[in-house]
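Read in order, the letters of the sequence shown correspond to residues 39 to 257 in our numbering.
All C-beta atoms, glycine included, are put in the ideal place defined by N, C-alpha and C.
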Amino acid sequence: MSLKAIIIDFDDTLTMSEAACFTLENRALEQMGRAPMTREAHKENWGTPIREAIQVRSPGIDPDAYQPIANQIHQKMVQNGEIDIVSEENLACLDQLITDGYQLFILTSRNEAEAAHLMDPTHHLSSRLAHFYYDGNTTHIKPDPRAFDNLLREFTLSPSDCAYVGDSPSDAKAANAAGIQFIACFESGLRGPEDFNGHTIDASINLFTELPEAIKKLR
């Protein structure tokens, strides 16, 4: 098998973001006059699209009222360098993968407002990615395997041409069902191999920077 494309989840894979998102969401809840969530509640359904997740983390909340407030706080945190920072080591890792001949993609369940700054042409990811897929330019979101459909069609790739790197069982479920090899990233420490019971892991990494070596073992 000869891989052509590496598809990468963003949150807690390319960047460690759970703790920053916990802060963001509680700031939004405070602004709405609602009680803060616990860190345990945040971790419990971490990886679930925010519209669904916030209704579990803060029962009774109006997600339509929450989202614009959270978007404004997110923008301020980005401007202050508090969230969505991709380390120099991980950027260098992406550069190595490009040198090794792979096309690189992001596939995330973030919505457009949450991902817009990452797709800005001036962002340091822009020159490294073939494309950025999010909840807005995909027909479905993970764990639905059809989340990959637009990417595969638009870049004339087959599932066997690709590997997907992610941190959650929903990432594994989507990749497995799509026939795409899955690499589990355990860097966040939030999940371990035992959380992926029932899913196929083709390779695993403890640090994102281990990815080039892990990919070589898939061949």
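Look at residue 69 and residue 111 and say whether their C-beta atoms are less than 9 Å apart. yes
State the Cα-Cα distance for the pair residue 228 and residue 235, rounded to the nearest angstrom. 15 Å
In whole angstroms, give me the CA-to-CA distance for residue 205 and residue 167. 20 Å
Going straight from the alpha carbon of residue 114 to that of residue 155, what length do you get? 11 Å
At which residue ranges does the segment 90–171 contain complete alpha helix (DSSP H) runs of 4 or more residues, listed in the order of the chain? 101–117, 126–137 and 150–153
Can you list, in chain order, the residues of its chain with a C-beta nearer than 6 Å to that of residue 121? Leave out the 5 residues immediately preceding and following it. 58 and 115
Determine the extent of the beta strand (DSSP E) in which residue 220 is found, giving its start and end residues. 219–223
Would you mind sorting residue 123 into buried or exposed? The rule is 16 or more other CB atoms within 10 Å of its CB. exposed
Does any heavy atom of the ligand FMN sit closer than 8 Å to the C-beta of residue 240? Ligands displayed in this structure: none; no statement on the ligand FMN is therefore possible.
Report yes if the C-beta distance between residue 144 and residue 246 is below 9 Å; otherwise report no. no
Three-state secondary structure (DSSP) of residue 73: coil
Are the Cβ atoms of residue 174 and residue 150 separated by less than 9 Å? yes
Taking the beta carbon of residue 164 as the centre, do at least 16 other beta carbons fall within 10 Å, making it buried, or is it exposed? exposed
Check whether the Cβ atoms of residue 99 and residue 92 sit closer than 9 Å, and answer yes or no. yes
Can you name, in chain order, every residue of its own chain whose Cβ lies under 7 Å from the Cβ of residue 104, other than the five neighbours on each side? 66, 70 and 92
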